[in-house]
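K.L.:
FYI, this note's numbering numbers position 332 of the sequence shown as 346, with every residue one higher than the one before it.
The C-beta atom is built at its ideal place from N, Cα and C for all residues, glycine as well.
Being a predicted model, the structure only gives us computed values, none of them experimental.
Shown below is the structure under consideration.
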Amino acid sequence: MIGGLRLAEREIHALDMEQFDETAMRRAIERKRDGAPLEPQTWEAMMRSYVGGGIGDAQMGALLMAALWRGMTIDESAALTKAIVESGETVEFPAGMFVVDKHSSGGVSDIVSLVAVPLVAACGARVGKLSGRALGHTGGTIDKLETIAGLRTALSRDEFVAQVERVGCAIAAQSQHLVPADKRLYALRDRTGTVPCAGLIVASIVSKKVAGGAQAFVFDVKCGGAAFIHDSNEAELLARELVSVAGRFGRSARALVTDMNEPLGHAVGTGIEIVEARDFLRGEVRDARVRTLVLRIASEMLELAGIASAYDAAAAALGDGAAYERFIAMIEAQGGSRAALERMQLPSRTEAAVAPRSGYVAAIDATAFGNIARAWSEHEPMAGIVTAVRVGDRVERGAPLAHGYGAKASASALLPAFAIIDEKPEPRPLVYSRIS
Ligand code: URA
């Protein structure tokens, strides 16, 4: 086998990397399957060929599965990151303009980007964010934003830069021009069950961040039953790898490892999460966990941008409505309107899942909720779930645990996601660790 690998390596090197064809791809799949790391030039040639149509989804899917099982070295993650960045254009902000960005590794009811981006901009820092769509059971900021009537996320490079300069913030989708390879790989990973691979997550996230042009990033690495990485040690390794690969591209980065064992907020879905973010920014409903995480992440972003008294500045901008007004300004700059946002409401059809017994909520299965809400909201963007309780809450028999909204809403689908026990469970921390 070792001799076989050496032969295959020589053959790969001998190939004209510009013509990385199906035979070269088969060899790369076999080598990865057998546990050999692939060289940077192989990753680069492979991604060029994939984006150019030289190799198809079947072979790429096989390689992704081999990478998931065998793991990827940090050099492989960095090489794939570079290859994805080079698959398209990159954004450059004008000299002297310092831009920060944040990214979550994927959560359920995770409205932090929707709130923190305008909040940080309201405090005087500039934020340019390239976001993704829903992946597996986790929500996508782009899908959520697109439920606001008229709002565009497909911004050209010039529009993106001009908006960050003028409004202070923008959230755009990766496009055919920016990281097109991530757009295809992302969709393929979603279809092939190959999302939870640390090396692929690192390349997907850091490539978007680097191509998006920001100089500093904050990563929110989710950890727990509903995160792609369940174990806190592995999540910390992922966090370190994100910070380290970002460093190889000359970017400063920090990461927080945060809990994803229950939905972060209360709303789960697409448009329904915009309503939660809107009401949070307006100060109408302020869930304590969401507030804590928003302020932690916003403070890290502001510190990276050199803003003094970061935490106090963020808390003030949340309190005095400046963050909400910046959210409106961002929406308007991207084609939406205040009226469209403020008109958004939950579907009138609702079903409540109620507690079958009295006790303490021991678990809320956020993965199940993410999958259910994704299915319900596929053709009805405002459909979804709003939880009425948190893990640790005391409930009495018959009290509501969650409400389903929309044509497909069904209480019986929601009920199995709850576990109720007699003893109050130990509280879990929200932030497990910080890497800088
Ligand atoms: N977010 C991304 O952009 N990519 C991933 O792989 C996971 C979360």
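Ordered along the chain, which non-local residues of its own chain (more than five positions away) have a Cβ less than 7 angstroms from that of Lys-236?
P.N.:
The residues are Ser-118, Ser-119, Gly-120, Gly-121, Thr-272 and Met-274.
K.L.:
Considering only DSSP beta bridges, list what Ala-59 is partnered with.
P.N.:
In DSSP, Ala-59 forms no bridge with anything.
K.L.:
In the DSSP assignment, find the beta strand (DSSP E) that holds Phe-294 and state where it starts and stops.
P.N.:
Looking at the DSSP string, Phe-294 is not in any beta strand (DSSP E); the run it does join, the alpha helix (DSSP H), is 285 to 295.
K.L.:
Grab the span of the alpha helix (DSSP H) containing Thr-152 for me, first residue to last.
P.N.:
Per DSSP, Thr-152 belongs to no alpha helix (DSSP H) and is neither H nor E.
K.L.:
Should Asp-436 go down as buried or exposed, given a rule of 16 or more other Cβ atoms within 10 Å for buried?
P.N.:
With fewer than 16 Cβ atoms within 10 Å of its Cβ, Asp-436 is classed as exposed.
K.L.:
Between Lys-141 and Val-99, how many whole angstroms is the CB-CB distance? I'm expecting something under 8 angstroms.
P.N.:
The question names Lys, but residue 141 is Val in the sequence shown. Not quite, the Cβ-Cβ distance comes to about 20 angstroms (not below 8 angstroms), so this is no contact.
K.L.:
Which of helix, strand or coil does DSSP assign to Leu-270?
P.N.:
In the structure shown, Leu-270 sits in a strand (DSSP, three-state: E or B).
K.L.:
Going by alpha carbons, who is nearest to Ala-38 out of Leu-332, Gly-226, Gln-73 and Phe-233?
P.N.:
Per the Cα distances, Gln-73.
K.L.:
Can you give me the C-alpha to C-alpha distance between Arg-262 and Ala-427, rounded to a whole angstrom?
P.N.:
Each residue's alpha carbon lies about 46 angstroms from the other.
K.L.:
Can you give me the Cβ contacts of Arg-442 inside the same chain, cut-off strictly under 7 angstroms, excluding the 5 residues immediately before and after it?
P.N.:
Excluding residues within five positions, the ones whose Cβ falls inside 7 angstroms are Asp-273 and Asn-275.
K.L.:
Using the DSSP secondary-structure output, state which residues sit across from Gly-357 in a beta bridge.
P.N.:
Reading off the sequence shown, one finds Arg at residue 357, where the question assumed Gly. DSSP, once it has assigned bridges, lists no residue as partnering Arg-357.
K.L.:
Alpha carbon to alpha carbon, how far is Leu-429 from Glu-25? Give it in angstroms, no decimals.
P.N.:
Confidence in Glu-25 is poor, its pLDDT being 47 and thus under 50, which makes the residue's placement unreliable; the coordinate value appears in the next sentence. Approximately 56 angstroms, taken between the alpha carbons.
K.L.:
Is the closest heavy atom of the ligand URA to the C-beta of Val-129 under 7 angstroms?
P.N.:
No, the Cβ of Val-129 stays beyond 7 angstroms of every heavy atom of the ligand URA.
K.L.:
Do Leu-278 and the ligand URA come close, with the Cβ less than 7 angstroms from some heavy atom?
P.N.:
Because no heavy atom of the ligand URA lies under 7 angstroms away, the Cβ of Leu-278 does not count as near it: no.
K.L.:
For Val-114, list the residues DSSP reports as bridge partners.
P.N.:
In the DSSP output, where bridge partners are listed per residue, Val-114 has Val-141 and Ala-230.
K.L.:
Mapping DSSP to helix, strand and coil, what is Lys-236?
P.N.:
In the structure shown, Lys-236 sits in a strand (DSSP, three-state: E or B).
K.L.:
Do the CB positions of Gly-207 and Gly-85 come within less than 8 angstroms of each other?
P.N.:
It is not a contact, given that the beta carbons lie outside the stated cut-off.
K.L.:
Lys-222: beta carbon under 7 angstroms from a heavy atom of the ligand URA?
P.N.:
Under cutoff, so the answer is yes.
K.L.:
Heavy atom of the ligand URA less than 7 angstroms from the Cβ of Leu-149, yes or no?
P.N.:
Yes.
K.L.:
Quick check on Gln-188: buried or exposed, where buried means 16 or more other Cβ atoms within 10 Å of its Cβ?
P.N.:
Gln-188 should be labelled buried.
K.L.:
Shorter than 7 angstroms, the distance from the beta carbon of Leu-270 to the closest heavy atom of the ligand URA, or not?
P.N.:
The answer is no for Leu-270.
K.L.:
Taking only the alpha-carbon atoms, compute the straight-line gap between Ala-281 and Tyr-419 and give it to the nearest angstrom.
P.N.:
So the alpha carbons of these two residues sit roughly 10 angstroms apart.
K.L.:
Comparing alpha-carbon positions, which option in Ala-163, Lys-116 and Ala-402 lies nearest Gly-227?
P.N.:
Selected option, being the one with the closest Cα: Lys-116.
K.L.:
If you draw a straight line from the C-alpha of Ala-134 to the C-alpha of Leu-128, how long is it?
P.N.:
Note that residue 134 is Val in the sequence shown, not Ala. Going from the Cα of Val-134 to the Cα of Leu-128 covers about 11 angstroms.
K.L.:
For the alpha helix (DSSP H) holding Val-445, just list the boundary residues, first then last.
P.N.:
Where Val-445 is concerned, there is no enclosing alpha helix (DSSP H), although the beta strand (DSSP E) it sits in stretches over 445 to 449.
K.L.:
Would you mind stating whether Ala-241 and Arg-265 have Cβ atoms separated by less than 8 angstroms?
P.N.:
No, the pair does not count as a contact, with Cβ atoms beyond the cut-off.
K.L.:
May I ask which residues mark the beginning and end of the beta strand (DSSP E) holding Ala-187?
P.N.:
183 to 187 is the extent of the beta strand (DSSP E) around Ala-187.
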